[in-house]
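*Asks:* Numbering (the UniProt record's numbering), first residue to last: 1 to 121. Here it is: the structure, laid out below.
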């Protein structure tokens with residue numbers, strides 16, 4: 001069964017929702033971020049999966065634990081957090097790739113994250 005965010009992504013792809021609606025759904029959703037090491041309670045050992053893109057990196061983020069299994073060979077630990085928490089805590093030079101390798105995914109460039117942060121604040 002698709003999550004609310006996956007449904008929103010599919011509807012945006014078919015023209016039924018705007019990307020702005022998807023971003024607000026993203027912010028309100030629980031997301032799953034794989035880590036190569038056990039992050040611990042203070043996240044000091046958090047090692048996200050990063051993909052290079054142009055002059056920055058993109059952190060892999062998933063809409064469900066099932067989707068996060070795609071990179072379990074790289075990152076066996078998974079941290080659950082809200083989309084708004086992720087957007088507010090992401091480094092300014094890093095983007096996000098949601099569900100990499102899936103047709104229910106999209107990228108958020110660092111500039112897009114910065115712009116959306118102002119709406120969240």
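Backbone N, C-alpha and C define an ideal beta-carbon position, used for all residues, glycine too. Bear in mind that the values here come from a model prediction, so they are computed numbers and not experimental data.
Can you confirm whether the stretch 70-85 touches the stretch 15-33 when touching is taken to mean that 3 or more C-beta pairs between the two stretches lie within less than 8 Å?
*Replies:* Yes, they touch.
*Asks:* Can you grab the Cα-Cα spacing for the pair residue 9 / residue 63, in whole Å?
*Replies:* Computed Cα separation, rounded: 10 Å.
*Asks:* Starting from residue 20, follow the alpha helix (DSSP H) in both directions and report where the run begins and ends.
*Replies:* Counting along the chain, the alpha helix (DSSP H) containing residue 20 begins and ends at 19-28.
*Asks:* Find the nearest neighbour of residue 53 within the set 102, 104, 6, 97, judged by alpha-carbon distance.
*Replies:* If we check each option's Cα against that of residue 53, 97 comes out closest.
*Asks:* Which runs of the alpha helix (DSSP H) at least 4 residues long sit entirely within the UniProt domain "SseB protein N-terminal" (5-114)? Give them in chain order.
*Replies:* Entirely contained in the UniProt domain "SseB protein N-terminal" (5-114), the alpha helix (DSSP H) runs reaching 4 residues are, in chain order, 19-28, 65-68, 83-89.
*Asks:* Is it true that the stretch 85-94 meets the stretch 112-121, where meeting means three or more beta-carbon pairs spaced less than 8 Å apart?
*Replies:* With a cut-off of 8 Å, the stretch 112-121 and the stretch 85-94 count as touching, because enough Cβ pairs lie within range.
*Asks:* Where residue 69 and residue 48 are concerned, what is the direct C-alpha to C-alpha distance, given to the nearest angstrom?
*Replies:* Each residue's alpha carbon lies about 14 Å from the other.
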